[in-house]
Amino acid sequence: MFSLILRRLVQSILVMLSVSVISFSLFNFVGDPVNNMVGQDATREDRERIRQELGLDDPVLTQYGRFIGNAVQGDFGLSYRIKRPVDQLIAERLPATLELVFVSAIIALVLGISAGVYTGIQRNSWMSRTVLSASLIGVSLPTFIIGIALIYLFAVHLRWLPSSGRGGTIDFGWWKTSLLTLDGWRSIILPALTLSLFQTTIILRLVRAEMLEVMQADFIKFARARGLTERAINFGHALKNTLVPVITIIGINVGGLIAFSVITETVFQWPGTGLMFIQAVDFVDVPIMAAYLCFVALVFVIVNLVVDLLYFVIDPRIRLGGS
Amino acid sequence: MKQRWLMAAAAAAMLASTPALAENVLRWTSQGDALTLDPMSQNEGPTNSMNGQIYETLVTRDAGMKLQPELAVSWTSAPDGWTFKLREGVTYHDGSAFTAEDVAFSIVRAQSPSSDFKEQVKNITSVEIIDDYTVKLMTDGPNPILPNQLTSTYILDKGWAEKHNVVVPQDFKAKEETYAVRNANGTGPFKVVSRAPDELTVLERNTAWWGDKLFPGNIDRIEYRPIGNAATRVAALLSGEVDFVLDPPLQDLKRIEASDGLKVITVAQIRSIFFGMDQGSDELRTSDVKGKNPFKDVRVREAFNLAIDKSAIQRVVMEGLSFPTAMITPPGVLGNTPENDPPFGFDVAKSKALLAEAGYPNGFTVRLDCPNNRYNNDEKICQAAVAMLAKVGVKVNLEAIPKAQHFPKIQKRSTDFYMLGWGVPTLDSHYVFSYLLAKEGSWNATGYDNARVNEITEAIATETDIEKRTAMIDEAWTLIQADKPYVPIHHQVIAWGLSDKLDVPIGADDALRPRFAVMK
Numbered sequence: 004m005f006s007l008i009l010r011r012l013v014q015s016i017l018v019m020l021s022v023s024v025i026s027f028s029l030f031n032f033v034g035d036p037v038n039n040m041v042g043q044d045a046t047r048e049d050r051e052r053i054r055q056e057l058g059l060d061d062p063v064l065t066q067y068g069r070f071i072g073n074a075v076q077g078d079f080g081l082s083y084r085i086k087r088p089v090d091q092l093i094a095e096r097l098p099a100t101l102e103l104v105f106v107s108a109i110i111a112l113v114l115g116i117s118a119g120v121y122t123g124i125q126r127n128s129w130m131s132r133t134v135l136s137a138s139l140i141g142v143s144l145p146t147f148i149i150g151i152a153l154i155y156l157f158a159v160h161l162r163w164l165p166s167s168g169r170g171g172t173i174d175f176g177w178w179k180t181s182l183l184t185l186d187g188w189r190s191i192i193l194p195a196l197t198l199s200l201f202q203t204t205i206i207l208r209l210v211r212a213e214m215l216e217v218m219q220a221d222f223i224k225f226a227r228a229r230g231l232t233e234r235a236i237n238f239g240h241a242l243k244n245t246l247v248p249v250i251t252i253i254g255i256n257v258g259g260l261i262a263f264s265v266i267t268e269t270v271f272q273w274p275g276t277g278l279m280f281i282q283a284v285d286f287v288d289v290p291i292m293a294a295y296l297c298f299v300a301l302v303f304v305i306v307n308l309v310v311d312l313l314y315f316v317i318d319p320r321i322r323l324g325g326s
Numbered sequence: 080m081k082q083r084w085l086m087a088a089a090a091a092a093m094l095a096s097t098p099a100l101a102e103n104v105l106r107w108t109s110q111g112d113a114l115t116l117d118p119m120s121q122n123e124g125p126t127n128s129m130n131g132q133i134y135e136t137l138v139t140r141d142a143g144m145k146l147q148p149e150l151a152v153s154w155t156s157a158p159d160g161w162t163f164k165l166r167e168g169v170t171y172h173d174g175s176a177f178t179a180e181d182v183a184f185s186i187v188r189a190q191s192p193s194s195d196f197k198e199q200v201k202n203i204t205s206v207e208i209i210d211d212y213t214v215k216l217m218t219d220g221p222n223p224i225l226p227n228q229l230t231s232t233y234i235l236d237k238g239w240a241e242k243h244n245v246v247v248p249q250d251f252k253a254k255e256e257t258y259a260v261r262n263a264n265g266t267g268p269f270k271v272v273s274r275a276p277d278e279l280t281v282l283e284r285n286t287a288w289w290g291d292k293l294f295p296g297n298i299d300r301i302e303y304r305p306i307g308n309a310a311t312r313v314a315a316l317l318s319g320e321v322d323f324v325l326d327p328p329l330q331d332l333k334r335i336e337a338s339d340g341l342k343v344i345t346v347a348q349i350r351s352i353f354f355g356m357d358q359g360s361d362e363l364r365t366s367d368v369k370g371k372n373p374f375k376d377v378r379v380r381e382a383f384n385l386a387i388d389k390s391a392i393q394r395v396v397m398e399g400l401s402f403p404t405a406m407i408t409p410p411g412v413l414g415n416t417p418e419n420d421p422p423f424g425f426d427v428a429k430s431k432a433l434l435a436e437a438g439y440p441n442g443f444t445v446r447l448d449c450p451n452n453r454y455n456n457d458e459k460i461c462q463a464a465v466a467m468l469a470k471v472g473v474k475v476n477l478e479a480i481p482k483a484q485h486f487p488k489i490q491k492r493s494t495d496f497y498m499l500g501w502g503v504p505t506l507d508s509h510y511v512f513s514y515l516l517a518k519e520g521s522w523n524a525t526g527y528d529n530a531r532v533n534e535i536t537e538a539i540a541t542e543t544d545i546e547k548r549t550a551m552i553d554e555a556w557t558l559i560q561a562d563k564p565y566v567p568i569h570h571q572v573i574a575w576g577l578s579d580k581l582d583v584p585i586g587a588d589d590a591l592r593p594r595f596a597v598m599k
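Quick note, the sequences are listed as chains A and B, same order. My numbering applies: residue 4 is where the first sequence begins, and numbers increase by one. My numbering applies: residue 80 is where the second sequence begins, and numbers increase by one.
What follows is the structure in C-alpha cells.
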C-alpha cells in the first residue's frame with residue numbers, strides 16, 4: 004500500500020510536469036498580455052520594455068524553465084491582471100470552489116443514488132420512466148443554458164433566490180465560508196444545482212444499470228430465499244455490490260467538478276478559481292493560467308489516488324489480493 | 080422644562096437616526112471590475128471609473144464633457160506652463176491635508192516608468208510650488224491642451240504614499256503586491272469600506288468631502304458587484320438585485336425598457352468604429368493581388384467606403400444604437416465640424432466602377448482582421464461588411480479573434496484590413512492625428528503618410544493661438560477626407576439600464592458620476 008502511494012506520487016509529478024509543458028506552449032497562442040496591461044496611449048517603446056521585463060520575448064523553453072524554477076521555490080509570480088500574488092489568489096478563491104463542488108457532489112450523490120436504486124428496482128413504473136426521460140435533460144443541455152434558465156426562473160420570475168454572487172460569507176481565518184448563513188445557502192443553491200445536474204444523471208444511470216445487473220445475480224436470489232427483507236436485499240446486498248464502479252466515476256467526476264466548475268462559476272459570478280481562470284484567459288494572465296492548470300492536474304492526481312485507496316476499503320478482493 | 084429637554088433629546092435622537100434609516104444605497108454592476116486601486120497603474124475604463132470615485136484630479140469633466148474645477152479652482156496658461164490655483168481646506172480620507180506638495184508628488188509619480196499615465200504628463204518638465212495652494216506645471220514648450228490631458232491624473236497624498244512605500248506604481252517585475260493595490264486614500268466623495276476584487280466593493284459617502292453640500296447626489300453607500308456574464312447581469316437588474324447596469328447588451332435593451340420600474344438611457348459615445356486599410360506596404364499579405372497593393376490606390380479606398388451600407392449596419396446590427404459616419408472621430412471632439420464630417424455615401428454601382436477603373440473589375444481577395452470581444456457587436460459588423468463587399472466583387476475572409484490577439488496585429492502593423500475603435504479622452508483632434516494618422520502613430524497600421532498631416536500633427540501640439548490651431552486642424556481633416564485612409568463605420572452609443580428610482584447623468588465617457596446620482 005505504501006509503495007502504491009509512493010508510485011502514485013512519482014507519477015503525479017510526471018503528470019504535472021507534462022501538463023505544465025503543454026499549457027506553457029499553448030500560452031503563445033492566447034495573445035499578447037501587454038496590450039491589456041497598458042492603456043491605448045502607451046508608446047511602442049513602453050510596450051517593448053514591459054515585454055522585456057516580463058521576458059515575453061524569450062523562447063518558450065526559457066520562459067518555462069523560469070516558471071518551473073520559481074514554482075519549486077513556491078513563487079508563482081504576480082497576476083498580470085490584478086497585480087497580486089498568484090498563490091494567494093488561488094488560496095483565496097479555492098474555498099468558494101470547494102464549497103460549491105462539495106454541495107453539488109452531495110446533491111448529485113443523494114439524488115443520483117436514490118433515483119438510480121429506485122429506477123433499477125421499479126424499472127417499469129411510470130415514475131421511473133419520468134425520471135429517466137427528465138434525466139436526459141441533464142446530459143443533453145449545456146451547463147450555461149441550464150444556469151441561465153434557473154436564474155430566470157428562480158431569481159427574475161419567482162424572486163426566491165439571488166441571481167449571482169456568494170452572499171453572506173463568514174471568515175474562518177483564511178477560509179471564507181458561505182455554508183453558515185441563510186444568505187450563503189440561498190446563493191449556493193442555484194450554482195450547485197446547475198453544476199450537479201450532469202453528475203446526477205451519470206450516477207443515476209450508472210447505479211441503475213449496475214442494479215439491474217446485480218439484481219439478476221445468484222446471491223440476490225439466495226438472499227431472497229433466506230427470507231431477508233426487501234430493504235436489506237436492496238441496500239445491504241445489491242447497492243453495496245454496485246459501488247466499486249460508482250465510486251470510480253464519482254471520484255473522477257469530483258476532480259472534474261473542481262476543474263470544470265469554470266462555466267457554472269462564470270454564469271453565476273461565483274468567485275472561485277474557475278471564474279478566476281476564465282478571466283485570466285481573457286486577459287492573457289499567464290501566471291494565473293499556468294498555476295491554475297498545474298493545480299487542476301494536482302487535483303486529478305490526488306482524487307485518483309484517493310479513489311484507488313477507497314477500493315481497498317470497499318472491495319475485499321482487492322484488499323486480499325494486494326496483501 | 081424637563082419635559083422640553085426630553086422632547087429635544089428625542090428629536091435629536093430621531094434626527095441622528097434618520098440618515099441610517101433612509102440610507103440610500105446604490106447597487107450596481109458591470110462586466111469587469113477595476114483591476115487595481117492604484118490610480119496610476121492601469122489606464123483602463125473600469126479602473127479609472129472606480130478610482131474616480133475615490134481619488135480626484137485637478138481638472139475633471141462633467142457628464143457633458145465640459146472641463147470643471149476639482150482639486151484646482153482655476154488655471155491660467157503662460158508660454159512656459161500652466162498655473163493652477165488649488166482648492167483650500169481639502170482633506171484626504173485619512174484626515175491629512177491636501178497641499179501643493181501632493182500635486183508635485185503625484186505628477187512625478189505619474190511620470191515614473193511603471194505608471195500607465197506617462198503620456199498625459201510627458202510635456203511637464205517640472206512642478207514649481209509657488210505656495211501651499213498654487214502650483215505651476217512647467218512644460219517643454221507651449222501646451223494648449225494641458226488641462227484636457229490632466230483629467231485622469233489623480234492626486235495622491237505624498238505622506239501616505241511614503242509611509243506605505245508606494246511612491247511609484249507597482250512594477251511588472253515586482254514580486255510582492257504593493258499597498259496601493261487594495262488600499263486607497265483619496266480626497267474624493269467616496270471612501271473604500273471593503274474590497275473583494277471580482278466579488279464586491281463597498282464605498283461609503285465621505286461626509287468631509289469639499290463638495291458634500293455642493294452636489295445634488297444623495298447616495299450614502301455604493302455596492303459594486305461585477306457580473307461577467309451578460310445574461311446574468313441583466314437578470315440581476317430585472318430581479319431588482321441591482322439598481323444600475325453600466326453595460327447591458329444591446330439586444331436586451333428593449334426587454335429592460337419594457338419591464339416595470341426600469342428604464343434605459345443612452346448617449347453618443349466618444350468612440351468611433353472604423354476599418355483601416357494598409358496602404359503603406361508594397362504588397363498585401365492576404366490578397367490574391369501580387370506585386371502591388373490595391374489599397375495604395377485612393378479609388379479602391381473610396382470604393383470600399385461606398386460599398387459598405389452604414390445605415391443597414393445601424394438598423395440591422397446595432398438595433399438603431401449607433402451614428403453612421405464618414406469621419407473617424409465623433410462630434411464633441413475639437414475638429415469634428417459639419418464641414419469636416421461629410422454625409423456618408425453608399426453606392427454599389429459607383430463602387431464597382433471605381434474598382435474597375437483602378438484595374439480590379441473582378442475585385443480581389445483580402446483578409447479582414449476583427450476583434451470579437453471588444454466593441455459593441457464587433458464581429459457582427461465585420462460579418463455584415465464581408466457580405467456588402469462581396470456585392471462589389473471583393474472577397475473578404477473574416478478572421479474574428481479575441482482582442483488580446485487582434486490588437487498586437489495592429490501594433491506590429493502586420494494586418495492588411497482591420498477593425499479598430501478609437502476614443503478620444505482629450506476631446507481634441509491631436510489625439511486622433513498623433514495615434515491614427517501621423518506616419519509614426521503607434522496605432523496607425525494603415526501606413527498612411529501625408530507630409531502635411533504629419534506637420535500639422537506636430538504643430539498643433541504647441542500652437543496656442545486657438546484660431547490658427549483650429550484652421551490647421553480643419554486643413555488636416557480636409558486632406559484626410561480626400562485621402563480616405565480609413566473606412567469609418569459609426570460612432571458608438573452608450574446605453575445604461577437602471578431603476579426608475581435612480582437619476583444619474585450619463586456621460587460620453589461611460590463613467591458613473593455618483594456625486595450627481597439621486598435615489599428617489
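From the three backbone atoms N, C-alpha and C, an ideal C-beta is built for every residue, glycine too.
Burial state of B/Thr155 is exposed, judged by a 10 Å Cβ sphere holding fewer than 16 other Cβ atoms. The count of Cβ pairs closer than 8 Å, one atom from the stretch 271-282 of chain A and one from the stretch 209-227 of chain A, stays below three, leaving the stretches out of contact. With a threshold of 8 Å between beta carbons, A/Gly176 makes no contact with chain B.
Residue pairing for B/His569: DSSP places it in a beta bridge opposite B/Ile352 and B/Pro403. DSSP links A/Asn244 through a beta bridge to no other residue.
Under the Cβ criterion of 8 Å, A/Pro194 is not counted among the residues facing chain B. In the displayed model, B/Lys215 falls within a strand according to three-state DSSP.
Remark: C-beta atoms of A/Leu207 and A/Ser128 do not approach each other more closely than 8 Å.
Setting aside the 5 residues that flank it on each side, A/Tyr295 is surrounded in the same chain by Ile93, Thr276, Met279, Phe280 and Ala283, each with a C-beta closer than 8 Å to its C-beta; the list follows chain order. By the neighbour-count criterion, in which 16 or more other beta carbons inside 10 Å mark a residue as buried, B/Ile234 falls on the buried side. The beta carbon of B/Lys580 lies closer than 8 Å to those of Asp322, Gly340, Met598 and Lys599 in the same chain, with the five residues before and after it left out.
Annotated three-state conformation of B/Val473 is coil, per DSSP. Taking 9 Å as the cut-off between beta carbons, the residues of the stretch 267-289 of chain B near chain A are Ala275, Pro276, Asp277, Glu278 and Leu279, in sequence order. A/Thr46 belongs to the set of residues whose beta carbon lies under 8 Å from a beta carbon in chain B. Secondary structure of B/Val321 (DSSP, three-state): coil.
Within its own chain, the residues whose Cβ lies closer than 6 Å to the Cβ of B/Val465, once the five positions on either side in sequence are excluded, are Val475 and Leu477, listed in chain order. For A/Glu213, the enclosing alpha helix (DSSP H) covers residues Leu185 to Met218.
Secondary-structure assignment with DSSP links A/Thr122 through no beta bridge to anything. DSSP, read as helix, strand or coil, puts B/Glu180 in helix. Contact annotation: the stretch 248-265 of chain B touches the stretch 182-202 of chain B, with at least three C-beta pairs closer than 8 Å. Exposed is the label assigned to B/Asn244, since fewer than 16 other Cβ atoms lie within 10 Å of its Cβ. Closest in C-alpha terms to B/Asp367, from the list B/Arg334, B/Val313 and B/Thr444, comes B/Thr444. Judged by DSSP secondary structure, B/Gly124 falls outside any beta strand (DSSP E) and instead within the alpha helix (DSSP H) spanning Gly124 to Ile133. In the three-state reduction of the DSSP assignment, B/Ile306 falls in the coil class. Here the C-alpha atom of A/Val33 lies approximately 22 Å from the C-alpha atom of B/Ala524. Measuring C-alpha to C-alpha distances from A/Gly176 to each of A/Val75, A/Glu268, A/Tyr83 and A/Glu95 identifies A/Glu95 as the nearest. Out of B/Lys375, B/Ser578, B/Glu436 and B/Val583, the CA that lies nearest to the CA of B/Ala337 is found in B/Ser578. Runs of the beta strand (DSSP E) lying entirely within the stretch 199-286 of chain B and spanning at least 3 residues, in chain order: 203-210, 213-218, 269-275 and 279-284.
In this structure, A/Val270 and A/Ile151 form a Cβ contact; the two beta carbons are roughly 6 Å apart against a cut-off of 8 Å. At a cut-off of 8 Å between beta carbons, B/Arg140 makes no contact with chain A. Listed in chain order, the positions of the stretch 517-547 of chain B with a beta carbon within less than 8 Å of a beta carbon of chain A are Ser521 and Trp522. Rounded to whole angstroms, A/Tyr67 and B/Asp195 show a C-alpha spacing of 28 Å. Sequence-distant partners of B/Asn122 (beyond 5 residues in either direction) whose C-beta falls short of 8 Å from its own C-beta, in its chain, are Asp195, Phe196 and Ser231. Residues of the stretch 15-40 of chain A whose Cβ lies closer than 9 Å to any Cβ of chain B, in chain order: Phe32, Val33, Gly34, Asp35, Pro36, Val37, Asn38, Asn39 and Met40.
Under the Cβ criterion of 8 Å, B/Lys252 is counted among the residues facing chain A. Any Cβ of chain B closer than 8 Å to the Cβ of A/Arg229 would place that residue at the interface, and such an atom is absent.
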